[in-house]
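Presented below is the structure to which this report refers.
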Amino acid sequence: MKKETVLKALQALKKDSPQRNFDQSVDIIINLKNLNLKNPSDQVDFFVNLHHGIGRKITVCALVGPELLEDAKKYCDFAVEASHFDEYADKKKAKKLASTYDYFIAQANIMQRVAAVFGRTLGPRGKMPNPKAGCIIPPKGNVKATVEKLQKTVRIMAKKSPQIQLSIGKASQPEEEVVDNILYVYDQVIHHLPKEKENIKNVAIKLTMSKPVVLS
31 MKKETVLKAL QALKKDSPQR NFDQSVDIII NLKNLNLKNP SDQVDFFVNL
81 HHGIGRKITV CALVGPELLE DAKKYCDFAV EASHFDEYAD KKKAKKLAST
131 YDYFIAQANI MQRVAAVFGR TLGPRGKMPN PKAGCIIPPK GNVKATVEKL
181 QKTVRIMAKK SPQIQLSIGK ASQPEEEVVD NILYVYDQVI HHLPKEKENI
231 KNVAIKLTMS KPVVLS
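Heads up: the sequence shown at position 113 corresponds to 143 in the numbering used here, and the numbers run straight through without jumps.
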């Protein structure tokens, strides 16, 4: 997929889309083929660290013990200390927490408690602290670096339907950054598919309120 093709498609998409009173997201849609998603080896689920952010702040909640609490309060959007975990046995409170933040990070030595208290709420939403994304931190780990990395981290997933869709930028974001994110995600997806390009049906981009435009 050529950079020029993606750039022209993005410019045309923005030009043809009616003005909205909010900054629309730019999504990439990758339709897959010749995969048996009932077979775990054909499923797609991995994290990518983009070269650029996605045009908005990624919010992070920390579930930590006393060792990381100070840094968690300083660098995360919200922190829950282990002594307060029981408050989230309240399903309504737990659901509100789960829907408020993009990523959850946790202290490694209390992961068993994190799973027991938050697993039922975060698990179905795909928000349990994930070691693949670097979201499980040792008691003396670097919270600041983790939060900074998550600002450019996206999850690529196709487990039930042969389609990957995620936001990779904003309409107001420099076009070069959005195009670079699109190409990087596409390249990473290819390398995670059993037959690489042969497993890709087509690729499209869209704005929040627009119809998809097929790139290939």
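Cβ atoms here follow ideal geometry from the backbone N, Cα and C, with glycine treated the same way.
Below 8 Å CB to CB, which residues in the same chain sit around residue i once its five sequence neighbours on both sides are set aside?
{"i": "K170", "result": "E97"}
{"i": "I235", "result": "V36, A39, L40, L43, V56, D57, I58, I59, I212, P242, V243 and L245"}
{"i": "K189", "result": "L67, Q73, V74 and D75"}
What does the Cβ neighbour count give for residue i, buried or exposed, with the cut at 16 atoms within 10 Å?
{"i": "Q49", "result": "exposed"}
{"i": "K200", "result": "buried"}
{"i": "Q54", "result": "buried"}
{"i": "F148", "result": "buried"}
{"i": "A163", "result": "buried"}
{"i": "F134", "result": "buried"}
{"i": "A128", "result": "buried"}
Roughly how many whole angstroms lie between the Cα atoms of residue i and residue j?
{"i": "H221", "j": "K63", "result": "15 Å"}
{"i": "D210", "j": "H82", "result": "8 Å"}
{"i": "V90", "j": "S47", "result": "32 Å"}
{"i": "I84", "j": "K126", "result": "24 Å"}
{"i": "V208", "j": "A102", "result": "30 Å"}
{"i": "E228", "j": "K174", "result": "40 Å"}
{"i": "M158", "j": "K225", "result": "30 Å"}
{"i": "F115", "j": "L80", "result": "32 Å"}
{"i": "I192", "j": "E34", "result": "Ile is not the amino acid found at residue 192; the sequence shown has Pro there. Distance between the alpha carbons of P192 and E34 is about 27 Å."}
{"i": "Q137", "j": "N160", "result": "11 Å"}
{"i": "I140", "j": "Q218", "result": "32 Å"}
{"i": "G153", "j": "N51", "result": "34 Å"}
{"i": "Y216", "j": "P70", "result": "21 Å"}
{"i": "V184", "j": "S113", "result": "31 Å"}
{"i": "K121", "j": "C165", "result": "23 Å"}
{"i": "A146", "j": "E206", "result": "44 Å"}
Could you work out which residue in the options is closest to residue i when comparing CA atoms only?
{"i": "D107", "options": "T183, E226 and T130", "result": "T130"}
{"i": "Y105", "options": "Q54, Q137 and A92", "result": "A92"}
{"i": "D132", "options": "R155, Q218, Y216 and N61", "result": "R155"}
{"i": "L237", "options": "Q203, L223, V215 and P168", "result": "Q203"}
{"i": "M187", "options": "A146, V78, I166 and I167", "result": "V78"}
{"i": "I167", "options": "Y214, V94, M31 and K121", "result": "V94"}
{"i": "V144", "options": "N172, A109 and V177", "result": "A109"}
{"i": "K32", "options": "L223, Y214, V219 and S240", "result": "Y214"}
{"i": "R86", "options": "K231, E178 and Q195", "result": "E178"}
What residue does the beta strand (DSSP E) around residue i start on, and which one ends it?
{"i": "L127", "result": "First-last for L127: K121 to T130, but that is the alpha helix (DSSP H), not the beta strand (DSSP E)."}
{"i": "E111", "result": "F108 to E111"}
{"i": "T176", "result": "Note, T176: premise wrong, no beta strand (DSSP E); alpha helix (DSSP H) at V173 to L180."}
{"i": "D57", "result": "S55 to L62"}
Residues in the same chain with beta-carbon distance under 6 Å from residue i, minus the five sequence neighbours each way, listed in chain order, please.
{"i": "E111", "result": "L99"}
{"i": "A124", "result": "Y118 and T151"}
{"i": "Q181", "result": "G83 and I88"}
{"i": "S197", "result": "S55, D57 and I84"}
{"i": "L223", "result": "N229"}
{"i": "N61", "result": "Q193, K231 and N232"}
Could you please give the first and the last residue of the uninterrupted alpha helix (DSSP H) stretch that includes residue i?
{"i": "Q218", "result": "E205 to H222"}
{"i": "L99", "result": "P96 to Y105"}
{"i": "G9", "result": "Residue 9 is absent from the model: the chain starts at 31 and stops at 246."}
For residue i, collect the residues of the same chain with a Cβ closer than 7 Å to its Cβ; drop the 5 residues on either side in sequence, then sort them by chain order.
{"i": "L65", "result": "D72, P192 and N229"}
{"i": "S240", "result": "L43 and S47"}
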